[in-house]
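In this note's numbering, the protein residues as written are 20 to 369. Here a beta-carbon is modelled for each residue, glycine too, at the ideal position from N, C-alpha and C. All figures in this text were calculated on a predicted structure; none of them were measured in a lab.
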């Protein structure tokens with residue numbers, strides 16, 4: 020089911036929604052200027068999500084992130100930093116399926132690195148690469164990034180966060196391998212979660228209520244017809260009624276149900292009129308054909324509302340039997356493949 024009701028979208032509650040990750044947390048709280056609660060709901064419920072596209076920005080981030088981890092480990096935490104590879108191995112994504120918190124029913128996601136003390140996590144490290152220095156006012160991470168790390172810290176039961184941003188030039192996106200982090204191109208924002216977000220518990224509770232209200236029910240938060248991000252999604256959803264996880268059997272069932280409704284309406288209201296209209300058109304055509312003179316290509320008649328016309332065309336046909344007799348049919352024949360969806364046949368009950 021998918022139905023627009025006022026400024027909300029209603030769907031069947033998703034059986035396997037995506038988790039509320041750190042990148043979605045601030046959006047649910049309406050604190051992410053790049054994403055809306057509706058857009059995030061669409062992703063979580065698998066209603067719609069922008070396809071992931073690897074580009075120069077994402078590729079640069081993948082190359083530079085290990086450099087930042089090594090930089091922090093050497094100059095800030097003196098050998099106490101562990102990456103996902105250090106903890107889970109090189110195939111950590113496959114092992115965890117992109118979720119470091121499998122025990123959590125709602126929240127999830129992947130942190131970038133951890134600071135260890137006494138053989139246990141002491142701080143969460145989140146790393147960003149960007150050209151937007153202006154977003155990090157006074158050296159502090161934007162709230163939507165800081166909340167991402169704060170969520171992971173809460174799930175891990177640690178109290179500290181290290182946000183780190185590397186600011187890249189155009190050349191760094193072309194050759195990220197050459198990037199060297201230092202104090203002039205890298206910002207470190209280290210904070211206590213309780214100081215930056217003394218109301219984090221309330222924010223987490225709000226997110227849980229949001230989940231119960233919108234994800235478990237299948238009723239979206241209100242969308243904004245004036246928000247560019249929402250409008251783009253709405254345009255797609257209003258022209259494509261397939262859900263992101265529909266399979267062929269869902270499509271067949273919907274098509275068969277709709278076909279039955281169309282057949283019923285057709286037989287009830289249209290069949291008799293279409294039959295009469297077809298007969299009238301044939302009589303009109305025969306009458307107009309009588310008006311052709313030897314050199315005419317088209318004859319027109321005007322009614323009070325329309326111009327009716329019949330055009331005469333000449334068609335050249337091929338005598339296949341003659342070609343076959345002369346041994347030329349196979350030589351000048353070619354095979355083309357086309358595909359036609361045949362009307363479905365009812366399954367006979369045995």
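Look up residue i in the DSSP assignment and say whether it is helix, strand or coil.
| i | result |
| --- | --- |
| residue 140 | strand |
| residue 167 | helix |
| residue 280 | helix |
| residue 260 | Bear in mind that a pLDDT of 47 at residue 260, under 50, signals an unreliable position, so the number given afterwards is only what the model happens to contain. It is coil, neither helix nor strand. |
| residue 202 | coil |
| residue 31 | coil |
| residue 185 | strand |
| residue 133 | strand |
| residue 22 | strand |
| residue 214 | helix |
| residue 67 | coil |
| residue 77 | helix |
| residue 115 | helix |
| residue 194 | coil |
| residue 418 | This structure cannot speak to residue 418, because the chain is shown only from 20 to 369. |
| residue 348 | coil |
| residue 333 | coil |
| residue 314 | coil |
| residue 159 | coil |
Among the options, which one has its Cα closest to the Cα of residue i?
| i | options | result |
| --- | --- | --- |
| residue 233 | 151, 160, 63 | 63 |
| residue 28 | 53, 52, 41, 65 | 65 |
| residue 211 | 144, 87, 279 | 144 |
| residue 149 | 172, 182, 129 | 182 |
| residue 201 | 297, 216, 93, 139 | 93 |
| residue 52 | 349, 247, 322, 179 | 247 |
| residue 191 | 216, 80, 337 | 80 |
| residue 195 | 83, 68, 209 | 83 |
| residue 127 | 36, 206, 281, 77 | 36 |
| residue 99 | 71, 121, 72, 137 | 137 |
| residue 321 | 303, 336, 338, 335 | 303 |
| residue 223 | 173, 239, 272, 214 | 173 |
| residue 256 | 49, 57, 48 | 57 |
| residue 124 | 346, 240, 235 | 235 |
| residue 69 | 50, 85, 242, 253 | 253 |
| residue 142 | 280, 213, 110, 114 | 213 |
| residue 31 | 73, 237, 305, 67 | 237 |
Using the C-alpha atoms, what's the distance from residue j back to residue i?
| i | j | result |
| --- | --- | --- |
| residue 342 | residue 314 | 32 Å |
| residue 244 | residue 90 | 45 Å |
| residue 249 | residue 221 | 27 Å |
| residue 117 | residue 286 | 53 Å |
| residue 33 | residue 103 | 30 Å |
| residue 46 | residue 227 | 13 Å |
| residue 108 | residue 275 | 49 Å |
| residue 95 | residue 258 | 52 Å |
| residue 260 | residue 21 | Model confidence at residue 260 stands at a pLDDT of 47, short of 50, so the residue's coordinates are unreliable; what they give is reported in the following sentence. Taking the straight line from one Cα to the other gives about 7 Å. |
| residue 75 | residue 188 | 12 Å |
| residue 112 | residue 105 | 12 Å |
| residue 298 | residue 290 | 13 Å |
| residue 54 | residue 23 | 21 Å |
| residue 352 | residue 333 | 23 Å |
| residue 87 | residue 203 | 13 Å |
| residue 61 | residue 336 | 56 Å |
| residue 135 | residue 159 | 23 Å |
| residue 77 | residue 283 | 53 Å |
| residue 179 | residue 120 | 18 Å |
| residue 317 | residue 296 | 22 Å |
| residue 26 | residue 251 | 15 Å |
| residue 231 | residue 209 | 33 Å |
| residue 157 | residue 215 | 14 Å |
| residue 185 | residue 205 | 4 Å |
| residue 263 | residue 152 | Bear in mind that the predicted position of residue 263 carries a pLDDT of just 44, short of 50, making it unreliable; the figure below should be weighed with that in mind. Distance between the alpha carbons of residue 263 and residue 152: 36 Å. |
| residue 71 | residue 59 | 15 Å |
| residue 349 | residue 340 | 12 Å |
| residue 293 | residue 239 | 43 Å |
| residue 155 | residue 207 | 10 Å |
| residue 198 | residue 73 | 19 Å |
Considering only DSSP beta bridges, list what residue i is partnered with.
| i | result |
| --- | --- |
| residue 225 | Answer is none; residue 225 lacks a bridge partner. |
| residue 328 | 319 |
| residue 127 | 40 |
| residue 100 | 134 |
| residue 179 | 142, 211 |
| residue 149 | 186 |
| residue 238 | 29 |
ask   = Can at least three beta-carbon pairs, one atom from the stretch 33-43 and one from the stretch 161-174, be found at a separation below 8 Å?
value = Result yes; three or more Cβ-Cβ pairs closer than 8 Å.
inquiry  = Quick test of the definition: if touching needs 3 or more C-beta pairs under 8 Å, does the stretch 321-331 touch the stretch 292-311?
reply    = They touch, by the three-pair rule.
Stretch pair the stretch 128-137 + the stretch 167-187: three plus CB contacts closer than 8 Å = Three or more beta-carbon pairs drawn from the stretch 128-137 and the stretch 167-187 are found closer than 8 Å, and the two stretches are therefore classed as touching.
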